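Position in the sequence shown counted from 1, then plus 1261, gives you this note's numbering. Quick reminder that beta carbons are idealized off the backbone N, C-alpha and C, glycines included. This one's a predicted model, so the numbers in the text were calculated from it and none came from an experiment.
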Amino acid sequence: MGAQAAETTMRISLQLPLKSHLGQNLKMFKEEVEAKSNGDIAVEIYDSAQLYKDKEVPQAVGSGAIEAGVASLTRYVGDIPMVDIFYQPFLFDSEAKVRKAVAPGSPVRGPIDEAIKDTGSTVLWWQAYGGAVMLSNGGPVATPADMAGKKVRVFSKTLGDFTTAAGGAPTIISGSEQYLAYQRGTVDIGMTGVSGVQSRSLWEVMDTITVSNHADIEFIVVTNTDWWNGLPDAHKAIISAAAVNAENAVRDEMSAIEARAYDAAKQNGMAIYNPTAEELAKWKAVSQPVYDAFLAKTGDAGAAMLEAAKGF
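Structure follows, in structure tokens:
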């Protein structure tokens, strides 16, 4: 086959390394799209935030500066406060609840996908990132008392509110800048997904994981709506089908990914701490202000979403 230029080029920005499970998920998508289109669609992945940091992705994709990008769902909170439903402490504390929430068209996901259209972007698929855990040195973060007076890395305003409610001092730090923040002691405690501990080798700078699962971390792959609308129908169909396959694959793989990450963390010397029911009750007790703030910001739409989520 002679070298021919693709009819459609789709560049995707990713803040994580290609070896991360989100990177591997994009690679799977790329391979399917390129194979099914016989090379008519070329997918280029720019990993490790080489083009845009996570927080820059919504604007870059919405404006058409790049065709597609992966953003942490919480990056949309400025425009769409209800995305922070996923960061309401301990609301989605099991895989079964998460799956109900993220199902396409669910009363939780449906309104979010719809609202993102107003930012100039269209959601292609959701990428599971697992539950939020806490990282620390010298012992676990078993109760709010262990967080009191400590500086804490968070990645959303709502997790910041949760930290404040527990007596900590939150700092929003981008995922790609976590390692240095822990290494330099900019913060004492971190919040992240356990798979990130593995892909970023965070065991080199932190020694304990507290398995709190206090929030569900979701990333979304968005594409510029004008670019998307201008594609031939055949190309849209190929991309959409590959997106569904990629979404299902990463969701089904998530618990295995987390199990492997915990194993890797242990092998690299980290202690893994599971809070007791009593300790979790203490965390939940300090969380009410976070729910109050969410309802104040999101009104009736947020209340309906929260009501649906509590029924899962």
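Closest to residue i by CA distance: which of the options is it?
| i | options | result |
| --- | --- | --- |
| Arg1521 | Val1294, Met1566, Gly1391, Asp1477 | Gly1391 |
| Arg1414 | Leu1275, Thr1447, Val1402, Gly1399 | Thr1447 |
| Ala1409 | Val1344, Glu1438, Asp1449, Trp1387 | Asp1449 |
| Thr1419 | Ala1565, Met1566, Phe1555 | Phe1555 |
| Glu1566 | Leu1352, Asn1286, Leu1334 | One point to set straight first is that residue 1566 is Met, not Glu, in the sequence displayed. The candidate whose alpha carbon is nearest that of Met1566 is Leu1352. |
| Asn1474 | Ala1538, Lys1411, Asp1468 | Ala1538 |
| Glu1479 | Ile1341, Val1466, Arg1512 | Arg1512 |
| Phe1290 | Tyr1348, Ile1470, Met1271 | Met1271 |
| Ser1355 | Asp1379, His1282, Ala1476, Glu1375 | Ala1476 |
| Ser1460 | Glu1268, Leu1277, Ala1266, Thr1269 | Leu1277 |
| Met1531 | Ile1273, Ala1570, Pro1550, Val1458 | Val1458 |
| Thr1600 | Asn1535, Asp1379, Asp1301, Leu1541 | No answer is possible for residue 1600: the residues shown for the chain start at 1262 and end at 1573. |
| Ile1302 | Ser1367, Val1472, Ala1267 | Ala1267 |
| Asp1308 | Ile1273, Ala1321, Pro1405, Thr1335 | Ile1273 |
| Val1505 | Ala1389, Leu1334, Ala1321 | Ala1389 |
| Gly1572 | Asp1340, Lys1358, Gln1285, Gly1563 | Lys1358 |
| Leu1472 | Trp1544, Asp1494, Gly1300 | The amino acid occupying residue 1472 in the given sequence is Val; Leu does not appear at that position. Selected option, being the one with the closest Cα: Trp1544. |
| Pro1372 | Gly1381, Met1343, Ala1502, Leu1385 | Met1343 |
| Lys1288 | Ala1542, Thr1380, Ala1503 | Ala1503 |
By the three-class DSSP mapping on this structure, what secondary structure does residue i have?
| i | result |
| --- | --- |
| Phe1480 | strand |
| Val1455 | helix |
| Met1289 | helix |
| Ser1274 | strand |
| Arg1360 | helix |
| Gly1263 | Below a pLDDT of 50, predicted positions are generally treated as unreliable, and Gly1263, at 39, falls in that range; the measurement from the model is reported next regardless. Coil at Gly1263, not helix or strand. |
| Lys1297 | helix |
| Val1344 | helix |
| Thr1269 | strand |
| Lys1411 | coil |
| Pro1365 | coil |
| Ala1532 | strand |
| Tyr1337 | helix |
| Tyr1313 | coil |
| Leu1279 | coil |
| Ala1403 | coil |
What distance in whole Å lies between the Cβ atoms of residue j and residue i, which are believed to be in contact at a cut-off of 8 angstroms?
| i | j | result |
| --- | --- | --- |
| Met1395 | Gly1451 | 7 angstroms |
| Glu1508 | Trp1387 | 6 angstroms |
| Tyr1337 | Pro1350 | In fact, because the Cβ distance is near 20 angstroms, the residues do not count as touching under 8 angstroms. |
| Phe1416 | Ser1333 | 6 angstroms |
| Val1331 | Val1482 | 5 angstroms |
| Ile1341 | Ala1393 | Not quite, the Cβ-Cβ distance comes to about 20 angstroms (not below 8 angstroms), so this is no contact. |
| Lys1314 | Ser1437 | 7 angstroms |
Terminal residues of the continuous alpha helix (DSSP H) containing residue i?
| i | result |
| --- | --- |
| Gln1388 | Run containing Gln1388: none in the alpha helix (DSSP H); it sits in the beta strand (DSSP E), 1382 to 1397. |
| Thr1486 | 1486 to 1490 |
| Lys1558 | 1549 to 1571 |
| Tyr1523 | 1494 to 1528 |
| Ala1426 | 1418 to 1426 |
Along the chain, where does the beta strand (DSSP E) that runs through residue i open and close?
| i | result |
| --- | --- |
| Thr1447 | Here Thr1447 belongs to no beta strand (DSSP E), and DSSP marks it neither H nor E. |
| Gly1323 | First-last for Gly1323: 1318 to 1323, but that is the alpha helix (DSSP H), not the beta strand (DSSP E). |
| Ser1333 | 1329 to 1333 |
| Arg1370 | Looking at the DSSP string, Arg1370 is not in any beta strand (DSSP E); the run it does join, the alpha helix (DSSP H), is 1370 to 1377. |
| Pro1431 | 1430 to 1433 |
| Thr1469 | 1469 to 1471 |
| Val1304 | 1302 to 1307 |
Discussion item. Is it the case that the stretch 1389 to 1408 contacts the stretch 1482 to 1491, given that we only count it when at least three CB pairs across the two stretches are under 8 angstroms?
Written reply: no
Worksheet entry | At least three beta-carbon pairs within less than 8 angstroms, the stretch 1290 to 1298 to the stretch 1310 to 1330 | In this structure the stretch 1290 to 1298 does not touch the stretch 1310 to 1330; the number of beta carbon pairs closer than 8 angstroms is below three.
Practice prompt. Examine the Cβ distances between the stretch 1359 to 1378 and the stretch 1424 to 1436 and report whether three or more of them are shorter than 8 angstroms.
Written response: In short, these stretches do not touch, since the Cβ pair count stays below three.
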